[in-house]
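Its first residue numbered -8, the sequence shown is counted upward by one per residue in this note's numbering.
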Amino acid sequence: MQSASRSEFLDINGLKYHIRTWGKTNDRHLYLMHGWMDMSASFEFVVNELSKDWFILAPDWRGFGLTQWAPNGYWFPDYVADLSEIINTLSKGREINLFGHSMGGNIAGLYTGVFPEKVNKLILAEGFGMPPRDASDAPNHLKKWLGQKHVNPTLKPYKSLDDVAQRLIDNTPALTHPQALFLAEHWAAEQPNGEFQLRADPKHKMVNPILYRSTEASFFWKRITCPTLWLHSDSGWLRKFMKDDYKTIDEYRSNYQSLIEKTITDSSHMMHHVQPKQLASAIELFID
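Shown next as structure tokens:
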């Protein structure tokens, strides 16, 4: 699907929100939702590998990419509220398909649990829950958050776009330099002093004051009625992220009414960068 992306800006829950789109609005609607410290342009490589006609919608989450920063910090339910408003605005009355990577997958899963009747197919790429936290950690966690509120976090500046591209390659060695440079041009913005700064609110580095509640999340997943695809890389990322807690992973699996799993081979957590053709094929085969 060779199509240049377009940028649309909407007022969503009091913020100027950027949604990147590809294709024609009368084609099937497919949402591509990025993860933490990523942005919508990351899906360019995947979109180029799609073989069918789609209307692709990829938001920059609040505080990322070209979307306005939230003045009072970031609460996870706000992302779900943002997605709900975007869908109500751009896909009202339409059948929608949701793909979410990492944090984007967790947002998509919660949304689908709230509105199961609105989603045709759900695809979660290493974005199906987080390690459970012990409730006894809550006081110290809140204390840490309170301490961070008195510090202005910063993100590292870069001297050039090539330096930004090299940072991306360091994180994902399978990226070619042209790919990394393309991503860098969207991931960072030049500052008045000539340095480059990531297009992300430094407040994203702060911890969330509320612990992840896996028991609550499971009740969202149980409400999902549409077929769901879990996508894994073969890099071992999921095992490391979940701290080898296979019991919890199996418990998360058991909540879905209709679940298929697939591995994206020779990949990494950033599978949309490393294996866009495999990923595009998996998306289209599953939805069709």
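Where is the CB? At the ideal position from N, CA and C, for every residue including glycine. Note that the structure is predicted; figures quoted are calculated from it, not measured.
Need the endpoints of the beta strand (DSSP E) that residue i sits in, please.
i	result
Asn88	Ile87 to His92
Met282	This structure leaves residue 282 out entirely; the chain is present only between -8 and 279.
Lys112	Val110 to Ala116
Tyr22	Arg19 to Met24
Trp280	The requested residue 280 is not part of the displayed model; the chain covers only -8 to 279.
Lys231	Here Lys231 belongs to no beta strand (DSSP E); instead the alpha helix (DSSP H) covers Trp228 to Phe232.
Just tell me which of the options has its CA closest to the CA of residue i.
i	options	result
Cys217	Leu115, Thr206 and Asn111	Asn111
Leu133	Lys147, Ile87 and Met197	Met197
Glu40	Lys268, Ile251, Asp279 and Ile274	Lys268
Lys234	Leu270, Asn162 and Pro122	Pro122
Ala191	Asn88, Met30, Leu23 and Gln(-7)	Met30
Leu222	Pro183, Phe119 and Phe232	Phe119
Tyr203	Arg158, Ser127 and Leu152	Ser127
Val38	Gln(-7), Glu108, Trp66 and Glu186	Gln(-7)
Ile47	Ser272, Tyr70, Ile278 and His20	His20
Ser258	Lys238, Gln248, Pro183 and Leu166	Leu166
Trp27	Tyr70, Leu137, Lys43 and Asp44	Tyr70
His25	Lys15, Val142, Leu89 and Pro68	Leu89
Asp161	Asn131, Met261 and Tyr22	Met261
In whole angstroms, what is the alpha-carbon distance linking residue i and residue j?
i	j	result
Thr145	Glu181	16 Å
Leu276	Asn4	34 Å
Trp52	Leu81	16 Å
Leu189	Val155	9 Å
Gly104	Leu74	13 Å
Ser93	Ala116	6 Å
Asn97	Lys140	25 Å
Asn17	Pro50	19 Å
Pro200	Phe211	21 Å
Trp13	Ala(-5)	6 Å
Thr254	Leu220	10 Å
Lys7	Glu86	25 Å
Gly54	Arg(-3)	20 Å
Asp241	Gly227	16 Å
Ile274	Tyr149	35 Å
Leu152	Pro164	17 Å
Asn246	His195	29 Å
Asp2	Phe106	22 Å
Tyr243	Ser209	7 Å
Ile278	Glu108	16 Å
Lys83	Thr58	22 Å
Glu282	Asn79	With the chain covering -8 to 279 only, the question about residue 282 has no answer from this structure.
Asn298	Thr239	Outside the shown range of the chain, which is -8 to 279, sits residue 298, and nothing can be said about it.
Gly138	Arg124	20 Å
Glu76	Gly56	18 Å
Ser272	Gly185	40 Å
For residue i, count neighbouring C-beta atoms within 10 Å of its own C-beta (all shown protein chains included) and say buried if the count is 16 or more, exposed if not.
i	result
Phe36	buried
Trp178	buried
Ala129	exposed
Arg214	exposed
Ala99	buried
Thr206	exposed
Ile251	exposed
His264	buried
His9	buried
Gln266	buried
Phe67	exposed
His168	exposed
Looking at the secondary structure, which residues open and close the alpha helix (DSSP H) in which residue i lies?
i	result
Trp52	Note, Trp52: premise wrong, no alpha helix (DSSP H); not H, not E.
Gln170	His168 to Trp178
Tyr8	It is not in any alpha helix (DSSP H) - Tyr8 instead sits in the beta strand (DSSP E) that spans Leu6 to Trp13.
Arg244	Tyr237 to Arg244
Arg158	Leu152 to Asn162
His141	Premise fails: His141 is in no alpha helix (DSSP H) and is neither H nor E.
Ser75	Phe67 to Leu81
Lys213	Ser205 to Lys213
Val38	Glu35 to Glu40
Based on DSSP bridge pairs, tell me the residues matched to residue i.
i	result
Ala191	Phe55
Glu(-1)	Ile10
Glu181	Phe187
Tyr149	Phe187
Lys250	According to the sequence shown, residue 250 is Leu rather than Lys. Beta-bridge pairing links Leu250 to Thr219.
Trp45	Arg19
Return yes when at least one heavy atom of the ligand ADP lies under 7 Å from the C-beta of residue i, else no.
i	result
Gln188	The ligand ADP is not part of this structure, which contains no ligands at all.
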